[in-house]
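If you're matching them up, the sequences are chains A and B in order. Under numbering that gives the first Met the number 0, the first residue of the first sequence carries the number 0, and numbering increases by one thereafter. Under numbering that gives the first Met the number 0, the first residue of the second sequence carries the number 0, and numbering increases by one thereafter. Just so you know, even glycine gets a beta-carbon here, dropped at the ideal spot from N, CA and C.
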Amino acid sequence: MRDENRAPGQAGGFEEVVLPHLDAAYNLARWLVGKPQDAEDMVQEAYLRAFKFFGGYQGGDARSWVLKIVRNTSYSFLEKIRPAELAEEFDEEVHQAVVEQPGAEAALLQSADRRMLREALDELPVHFREVIVLRELEGMTYKEIAEVKGVPIGTVMSSLARARTQLRERLIRLRAEEEQGGLRK
Amino acid sequence: MACENKELLLRAYFDGELDVVRSIEFEEHLKTCPQCGRELHEQQVMRDSLQAANLYERAPEALRAKVRAAIPGEAPPQPIPIGRRPVLEWLAVAAAILIAVFLGAKVLPSTGGKTQNLMAEEIAASHIRSMQAGHLLDVESTDQHTVKPWFAGKLDFAPPVVDLATQGFPLVGGRLDYIDHRNVAALVYQRQKHFINVFIWPEEVKDAKLPEMQTMQGYNLLFWSHGGMVFCAASDLNVTELRQLAELLER
């Protein structure tokens with residue numbers, strides 16, 4: 000199914016190096032731009048670009064290289080259609096979660112279900128959503144994330160810390176809202 | 000919140016980014032600091048929930064086909080006169096060959112002592128390949144007494160084969176696979192709609208504390224060692240249930 004039909008000399012290297020990362024590409028695009036159709040468009044465009052620039056790829060981690068292109072493609076798209084979203088970048092206001100009892104937070108987090116996690120992650124500013132997706136879903140190291148984002152490792156560490164704090168707060172809030180809703184019924 | 004001065008360390012420790020020496024130092028600190036312990040636990044709870052929620056979005060098959068079709072090299076050969084072939088295409092071909100040579104040279108000589116990350120990548124790739132039609136099983140049987148002898152002539156070790164249907168993990172069969180330059184056994188279990196590949200190979204692990212959980216391309220990989228063998232369970236199944244399977248297999 001893979002290479003049998005390929006004439007010698009054709010871009011088999013591209014197929015072996017870049018195609019295996021299609022799931023990773025789609026996952027990132029999906030979490031960055033949202034709609035499945037938009038995500039498919041991003042991946043297709045990114046793969047064409049990747050093919051075009053393949054001459055400039057110098058070995059190294061192919062997944063980071065592909066995801067970097069997917070990311071740039073998705074950001075250009077977001078800039079065009081939802082510029083406000085990119086601007087909400089660094090909301091420094093950190094609300095300390097109002098959970099007094101030690102361990103209570105963990106219990107709240109533990110009871111968060113799939114829908115809540117999806118919603119909380121979706122609500123995060125795109126820069127934060129991105130680092131969580133790359134670290135927790137894609138399992139990338141700091142160095143790999145830094146490569147994808149084109150920033151120093153220190154920046155990755157601080158974005159990741161802020162992203163986690165925000166995600167945690169959103170989860171706790173969603174959980175609390177649900178409990179209140181349940182009481183009112 | 001972690002205690003003062005320790006926040007950076009805690010995060011790097013949690014993400015597996017500390018070297019051995021500093022990891023041990025931090026573990027020493029953890030023993031005496033309930034505050035950092037609590038923070039670490041909370042982070043772990045959030046990570047587990049994220050992983051259990053299966054949030055990874057896989058590329059639809061239709062997209063795969065579209066991307067393949069759109070790559071110029073993949074189209075049926077076109078009768079373009081040699082002189083007029085787009086320069087970039089030639090460059091891409093040249094680069095592809097160079098990279099293939101480079102990768103080949105870089106990966107092949109490293110026998111045995113492959114880093115965990117490379118091995119995890121290989122295992123994830125094997126798992127993905129096995130999920131494609133017709134690649135999952137070499138021997139299809141829910142009977143451990145059929146699967147075990149099947150391996151006998153094919154491997155120089157005898158992987159433990161048990162059916163765990165009554166515990167919710169029916170054995171569906173086995174397969175020969177190839178990881179880190181050696182033949183390994185792959186047992187395939189099912190959990191509801193999820194398939195789990197359990198890769199097994201003999202290896203004496205001196206310090207039995209292997210890196211445990213790893214996520215690779217959205218798949219969960221769980222490593223452990225038992226009775227002179229190393230096991231790695233790979234699946235899109237959540238970590239909690241994978242750990243259950245690991246415990247059952249250790250009995």
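Query: Using a Cβ cut-off of 9 Å, pull out every chain A residue sitting near Gly217 (chain B), in sequence order please.; Result: Asp22, Ala23, Asn26, Leu136, Glu137, Gly138
Query: Below 8 Å between beta carbons: does that hold for Val160 (chain B) and Gln189 (chain B)?; Result: no
Query: Go ahead and label Asn196 (chain A) buried or exposed: buried means 16 or more other beta carbons lie within 10 angstroms of its beta carbon, across all protein chains shown.; Result: Since the first residue shown for chain A is 0 and the last is 184, residue 196 (chain A) is missing from the structure and cannot be characterised.
Query: Are the CB atoms of Asp22 (chain A) and Ala146 (chain A) within a distance shorter than 8 Å?; Result: Reading off the sequence shown, one finds Glu at residue 146 (chain A), where the question assumed Ala. The answer is no: Cβ separation not under 8 Å.
Query: Roughly how many angstroms separate the alpha carbons of Ala160 (chain A) and Asp14 (chain B), rounded to a whole number?; Result: 11 Å
Query: Check the C-beta distance from Ala24 (chain A) over to Leu66 (chain A) and give it rounded, since I have them as a contact under 8 Å.; Result: 7 Å
Query: Using a Cβ-Cβ distance under 8 Å, would Ala111 (chain A) count as near chain B?; Result: yes
Query: What is the DSSP secondary structure of Val171 (chain B), reduced to helix, strand or coil?; Result: strand
Query: I want to verify the contact list: residues of chain B whose CB lies under 7 Å from the CB of Met41 (chain A), in sequence order.; Result: Going along chain B, no residue has its Cβ under 7 Å from Met41 (chain A), so there is no contact; the nearest lies around 10 Å.
Query: Are three or more beta carbon pairs between the stretch 148–155 of chain A and the stretch 0–13 of chain B nearer than 8 Å?; Result: no
Query: Here's a check: name, in chain order, each residue in its chain whose Cβ is nearer than 7 Å to the Cβ of His193 (chain B), leaving out the five neighbours to either side.; Result: Ser234, Asp235, Leu236
Query: Using CA coordinates, which residue listed in A:Leu18, A:Lys142, A:His126 is at the minimum distance from Glu60 (chain B)?; Result: A:Leu18
Query: Taking the beta carbon of Phe89 (chain A) as the centre, do at least 16 other beta carbons fall within 10 Å, making it buried, or is it exposed?; Result: Note on Phe89 (chain A): pLDDT 49, under 50, position unreliable in the model; the coordinate value appears next. Exposed: under 16 other Cβ atoms inside 10 Å.
Query: Output the boundary residues of the beta strand (DSSP E) element that contains Met215 (chain B).; Result: 212–215
Query: If you drop the 5 nearest sequence neighbours on each side, which residues of the same chain put their C-beta closer than 8 Å to that of Glu211 (chain B)?; Result: Leu221, Phe222, Trp223
Query: For Arg29 (chain A), return the contacting residues in chain B, with the cut-off set at a CB-CB distance below 8 Å.; Result: Glu56
Query: Going by Cα to Cα distance, which pick from B:Ala68, B:Pro169, B:Leu49 is closest to Leu108 (chain A)?; Result: B:Leu49
Query: On the DSSP letters alone, give me the boundaries of the alpha helix (DSSP H) that Tyr141 (chain A) sits inside.; Result: 141–148
Query: Compare the Cα-Cα distances from Phe185 (chain A) to each of B:Ile70, B:Glu202, B:Arg63 and report the closest residue.; Result: Any question about residue 185 (chain A) goes unanswered here, given that chain A covers just 0 to 184.
Query: Between the beta-carbon of Glu121 (chain B) and the beta-carbon of Ile199 (chain B), is there less than 8 Å?; Result: no
Query: Give a yes or no on whether 8 Å exceeds the smallest Cβ distance from Glu122 (chain A) to chain B.; Result: no
Query: From what residue to what residue does the beta strand (DSSP E) around Gln191 (chain B) run?; Result: Premise fails: Gln191 (chain B) is in no beta strand (DSSP E) and is neither H nor E.
Query: At a Cβ cut of 7 Å, what residues of the stretch 42–57 of chain A count as close to chain B, listed as they run along the chain?; Result: Val42, Gln43, Tyr46, Leu47, Phe50, Lys51, Phe53, Gly54, Tyr56
Query: Figure out for me which residue from B:Leu241, B:Asp142, B:Gln213, B:Glu249 has the closest Cα to the Cα of Met139 (chain A).; Result: B:Gln213
Query: Spell out whether any CB of chain B is found under 8 Å from the CB atom of Glu129 (chain A).; Result: no
Query: For the stretch 37–86 of chain A, list the alpha helix (DSSP H) runs that are entirely contained and at least 4 residues long, ordered along the chain.; Result: 61–80, 82–86
Query: Looking at chain A, is there any beta carbon in it that lies within less than 8 Å of the beta carbon of Arg242 (chain B)?; Result: no
Query: On the criterion of 16 or more Cβ atoms from any shown chain inside 10 Å, does Pro76 (chain B) qualify as buried, or is it exposed?; Result: Low per-residue confidence applies at Pro76 (chain B): pLDDT is 38, beneath 50, and the placement is therefore not dependable enough to give any value.
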